[in-house]
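In our numbering, the protein residues as written are 283 to 776. Structure first, commentary second.
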């Protein structure tokens with residue numbers, strides 16, 4: 283028994299699903315959910331300033347505030363994910379109404395030599411929205427996910443249920459408990475689930491946000507040069523429920539169906555700093571730059587699975603023990619460069635460029651060596667670019683805005699997987715000390731993945747038409763479309 287506990291402690295990090303590289307990317311990626319003005323302009327605010335979203339992009343923009351103000355921003359998100367698997371299309375929807383940001387700014391006149399004002403801000407900005415529902419449905423004539431599990435069991439020389447429990451207590455061992463796997467006297471493993479002729483379904487439901495609580499200060503030097511710094515406490519929470527199910531398409535067999543539902547809850551708190559500058563080399567142009575230090579998170583998670591099987595002579599169920607673990611995540615450094623071209627009091631065109639290298643994501647813990655995972659991330663991920671473009675034009679008390687943004691794939695800017703593009707537009711109206719801004723944002727992200735690879739490190743093999751063994755193609759293609767309405771209320775306080 284002590285030996286089994288020791289093995290479980292050693293292998294524990296492999297069972298903690300948030301330590302998968304794709305989840306580390308989730309927690310490291312930033313797609314700012316800014317004010318309505320910022321959202322309408324594609325969040326290209328690095329050289330614009332005078333907006334609460336400046337704290338999240340370039341805190342030097344805070345130095346352009348002249349009056350104390352309070353800002354509150356509400357978003358309405360409706361997303362839909364369309365998937366294709368085994369030639370069959372499916373879709374699912376999700377809806378949420380999050381608060382994007384809330385904050386307070388104030389300014390102190392100095393007029394001491396070149397330093398004219400010092401501005402401060404306190405509040406919360408949303409960095410990313412994890413909400414998504416997706417559904418995959420297709421008929422597989424060749425294999426079952428259990429065939430991939432059987433290959434993995436053989437690859438790891440597992441010969442009995444005790445070794446299986448030590449190796450995979452949450453995913454594979456529950457299959458033995460529900461009579462979907464069985465070990466024979468010679469140490470081999472088999473299953474009553476047929477190889478192919480199955481309807482396969484996969485569903486994912488994610489909820490959660492990442493935000494940061496910030497305190498920032500901006501300095502105004504002669505209305506031409508601005509410096510800013512922010513100290514931030516980022517935090518996130520994310521829950522993910524995923525269900526896999528197989529139904530037998532052939533009647534008259536003992537096996538009917540099996541399913542496994544997995545629930546994972548993650549949360550993290552950390553620290554980060556940002557420093558930036560904006561320069562007016564001429565009245566018609568502003569140039570900005572900022573650096574975001576890596577976010578250092580302490581991540582905790584819990585998880586469990588529920589497995590069900592159905593046969594002609596009975597049904598079985600097993601719920602795994604709830605596991606818990608914690609580790610440290612370090613996200614990549616970010617560098618931003620920006621420019622804004624000013625056309626008097628009538629309008630502007632602005633652009634931001636951001637570079638981030640996702641191969642620098644790192645996981646660590648005092649009781650486990652993450653070198654294998656970190657080396658895998660270093661090989662799989664690379665540096666990429668995020669580009670944001672926006673414009674604003676004013677007529678009396680009205681403002682008209684539009685924007686475009688592309689967040690490059692973490693596998694390279696030219697790659698399509700996990701690349702996000704967005705198109706936006708919006709209006710603003712000011713009446714005395716009150717401003718209301720509204721924006722509409724359409725964004726799209728494409729992704730592809732191997733369905734079996736979500737669960738097993740081994741592929742599933744079948745005998746092809748030519749008589750040779752072949753690896754089953756279980757690739758899923760997904761497109762997620764997000765429609766977002768953003769409304770900001772801004773009040774001048776002096």
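For every residue, glycine included, the Cβ atom is placed at its ideal position computed from N, Cα and C.
For residue i, is the classification buried or exposed, using 16 other Cβ atoms within 10 angstroms of its Cβ as the cut-off for buried?
{"i": "residue 574", "result": "buried"}
{"i": "residue 522", "result": "buried"}
{"i": "residue 430", "result": "buried"}
{"i": "residue 536", "result": "exposed"}
{"i": "residue 648", "result": "exposed"}
{"i": "residue 654", "result": "exposed"}
{"i": "residue 627", "result": "exposed"}
{"i": "residue 334", "result": "buried"}
{"i": "residue 670", "result": "buried"}
{"i": "residue 677", "result": "exposed"}
{"i": "residue 305", "result": "buried"}
{"i": "residue 632", "result": "buried"}
{"i": "residue 739", "result": "exposed"}
{"i": "residue 773", "result": "exposed"}
{"i": "residue 468", "result": "exposed"}
{"i": "residue 566", "result": "exposed"}
{"i": "residue 606", "result": "exposed"}
{"i": "residue 394", "result": "exposed"}
{"i": "residue 505", "result": "exposed"}
{"i": "residue 710", "result": "buried"}
{"i": "residue 466", "result": "exposed"}
{"i": "residue 348", "result": "exposed"}
{"i": "residue 645", "result": "buried"}
{"i": "residue 396", "result": "exposed"}
{"i": "residue 775", "result": "exposed"}
{"i": "residue 464", "result": "exposed"}
{"i": "residue 286", "result": "Here the model assigns residue 286 a pLDDT of 38, short of 50, so the residue's position is not dependable and the matter cannot be decided."}
{"i": "residue 392", "result": "exposed"}
In this structure, what does DSSP give as the bridge partners for residue i?
{"i": "residue 379", "result": "Note: residue 379 sits in no beta bridge, so no partner."}
{"i": "residue 758", "result": "731"}
{"i": "residue 494", "result": "407, 516"}
{"i": "residue 642", "result": "DSSP output for residue 642 lists no bridge partner at all."}
{"i": "residue 630", "result": "624, 674"}
{"i": "residue 472", "result": "464"}
{"i": "residue 797", "result": "Nothing about residue 797 can be reported from this structure: the residues present for the chain run from 283 to 776 only."}
{"i": "residue 719", "result": "710, 770"}
{"i": "residue 430", "result": "Partner(s): none; residue 430 has no beta bridge."}
{"i": "residue 685", "result": "672, 706"}
{"i": "residue 588", "result": "543, 601"}
Just to confirm before moving on: does the CB-CB distance between residue i and residue j stay below 9 Å?
{"i": "residue 461", "j": "residue 640", "result": "no"}
{"i": "residue 544", "j": "residue 528", "result": "no"}
{"i": "residue 375", "j": "residue 363", "result": "yes"}
{"i": "residue 706", "j": "residue 742", "result": "no"}
{"i": "residue 309", "j": "residue 548", "result": "yes"}
{"i": "residue 322", "j": "residue 621", "result": "no"}
{"i": "residue 750", "j": "residue 734", "result": "no"}
{"i": "residue 637", "j": "residue 658", "result": "no"}
{"i": "residue 425", "j": "residue 744", "result": "yes"}
{"i": "residue 407", "j": "residue 380", "result": "no"}
{"i": "residue 546", "j": "residue 602", "result": "no"}
{"i": "residue 660", "j": "residue 612", "result": "no"}
{"i": "residue 609", "j": "residue 516", "result": "no"}
{"i": "residue 556", "j": "residue 341", "result": "yes"}
{"i": "residue 675", "j": "residue 629", "result": "yes"}
{"i": "residue 760", "j": "residue 499", "result": "no"}
{"i": "residue 332", "j": "residue 343", "result": "yes"}
{"i": "residue 435", "j": "residue 475", "result": "no"}
{"i": "residue 459", "j": "residue 589", "result": "yes"}
{"i": "residue 423", "j": "residue 479", "result": "yes"}
{"i": "residue 736", "j": "residue 307", "result": "no"}
{"i": "residue 693", "j": "residue 667", "result": "no"}
Which whole-angstrom value is the C-beta distance of residue i and residue j, which I expect to be below 8 Å?
{"i": "residue 508", "j": "residue 398", "result": "Not confirmed; about 10 Å, so no contact."}
{"i": "residue 318", "j": "residue 732", "result": "Actually they are not in contact, since the Cβ atoms of residue 318 and residue 732 sit about 39 Å apart, beyond 8 Å."}
{"i": "residue 587", "j": "residue 453", "result": "6 Å"}
{"i": "residue 356", "j": "residue 385", "result": "That belief does not hold up - the Cβ atoms of residue 356 and residue 385 are roughly 14 Å apart, past 8 Å."}
{"i": "residue 679", "j": "residue 702", "result": "With a Cβ gap of about 34 Å, residue 679 and residue 702 do not count as contacting."}
{"i": "residue 383", "j": "residue 353", "result": "7 Å"}
{"i": "residue 600", "j": "residue 324", "result": "That belief does not hold up - the Cβ atoms of residue 600 and residue 324 are roughly 49 Å apart, past 8 Å."}
{"i": "residue 361", "j": "residue 387", "result": "31 Å between Cβ atoms; not a contact."}
{"i": "residue 326", "j": "residue 672", "result": "4 Å"}
Counting only C-beta atoms, is residue i closer than 9 Å to chain C at any point?
{"i": "residue 373", "result": "Among the protein chains of the structure shown there is no chain C, as only one such chain exists."}
Say the cut is 8 Å; is the CB of residue i nearer than that to a heavy atom of the ligand FAD?
{"i": "residue 407", "result": "No copy of the ligand FAD occurs in the structure displayed, which carries no ligand at all."}
Stretch-stretch touch, CB-based, cutoff 8 Å, three pairs: the segment 301-314 with the segment 366-373: No contact exists between the segment 301-314 and the segment 366-373.
Any 3 or more C-beta pairs closer than 8 Å across the segment 759-776 and the segment 716-730: yes
Stretch-stretch touch, CB-based, cutoff 8 Å, three pairs: the segment 480-492 with the segment 392-412: Here the segment 480-492 makes contact with the segment 392-412; the two share three or more CB pairs at distances below 8 Å.
Contact the segment 475-486 vs the segment 548-568: 3+ CB pairs below 8 Å: Cβ pair count under 8 Å is below three, so no.
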